[in-house]
Amino acid sequence: MLCVENLHYSYGTINALSGISFQVNEGEIVALIGANGAGKSTTLLNISGLLHPQSGLIKYQGVDISKLPPHKVVEAGISLVPEGRRVFSRMTVLENLVMGAYLKKSRVEIKESIERVFDRFTRLKERRNQLAGTLSGGEQQMLAIGRALMSKPKLLLMDEPSMGLAPMLVQEIFSIAKEINQSGTTILLVEQNAYMALSIAQHAYVLETGAIVLQGTAEEIANNPEVKKAYLGE
């Protein structure tokens, strides 16, 4: 479904990505794990069109999307849940969701998408007219996921969904990710919480200073002694 080939990206003189290659098969959850500054978020920003690679290819369903602007990437079927949630704090929950459907022309379709999100996130339905900035961290994360789902993506990019959340909410967010995947959406998950990411993923890649140093099934990566020591606290 998604194939990243020899991707390079630099911020000035700092190499963020040094020729990474990986793939995401349809129907999977693929985890990209690594420490802060490893290049995980930069990878997702390149896939989503918010950044463009200096060299390399990003192919989605066989088509090169490396140079597409973000709205065209969304149109193609890829949606991003950004790091730090990035909800529109002065807009209501409902208005945030409508923003996620800005490419849709049919009011009926938008209404159906909103109802689907509210069915999945009942707390958001209860707070539909509340300003997004007044929601709790967990509710804002649910709103960011709901907003991304409004465009009915085939591939969902999730950037650090557990960041800043209490342990109980982390469990809930990962359960939601698993449900979304089981309902037919492929997920590329970037996460510092390696234990949780590997517990729901099928395949995983370990990123260190802009390079992929390990890859395999999530189970293989979770049982790797180096990964256990560096990321799983064992």
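Residue numbers for the sequence shown follow UniProt numbering, so the first one is 1 and each next one is one higher. Where a beta carbon is used, it is the ideal one built from N, C-alpha and C, also for glycine.
- A distance below 7 Å between beta-carbons, with the five flanking residues on each side excluded, links Cys3 to the following residues of its chain, in chain order: Gln23, Lys59.
- When secondary structure is reduced to three states using DSSP, Lys59 falls in the strand class.
- About 7 Å separates the beta carbons of Thr42 and Leu51, which is inside the 8 Å limit, making them a contact pair.
- Burial of Gln140 is indicated by the presence of at least 16 other C-beta atoms within 10 angstroms of its C-beta.
- A straight line joining the alpha-carbon of Tyr205 with that of Leu45 spans about 17 Å.
- Leaving aside the five residues that flank Phe174 on each side, the residues in its chain whose CB is nearer than 6 Å to its CB run, in chain order, Met196, Ile200.
- Counting the other Cβ atoms within 10 Å of the Cβ of Arg147 gives 16 or more, which makes it buried.
- Between the alpha carbons of Lys104 and Ser151 lies a distance of about 7 Å.
- In this structure, the alpha-carbon of Gly37 lies about 12 Å from that of Val190.
- The beta carbon of Glu172 lies closer than 8 Å to those of Gly138 in the same chain, with the five residues before and after it left out.
- DSSP lists no beta-bridge partner residue for Asn46.
- The alpha-carbon separation between Glu26 and Thr186 amounts to approximately 6 Å.
- When C-alpha distances from Gln182 are compared across Ala218, Leu157, Glu28, Ser55, the shortest belongs to Glu28.
- Cβ-Cβ separation between Glu83 and Glu160: approximately 5 Å, consistent with a contact (criterion under 8 Å).
- Its Cα nearest to that of Phe121, the residue Ile176 stands out among Ile176, Tyr11, Tyr231.
- In the DSSP assignment, Gln141 falls within the alpha helix (DSSP H) that extends over 137-149.
- By the CB criterion at 8 Å, Met91 and Ala132 fall inside the cutoff.
- About 5 Å separates the Cβ atoms of Tyr9 and Pro53, confirming a contact at the 8 Å cut-off.
- Distance between Arg128 and Ser66, taken at the CA atoms: about 36 Å.
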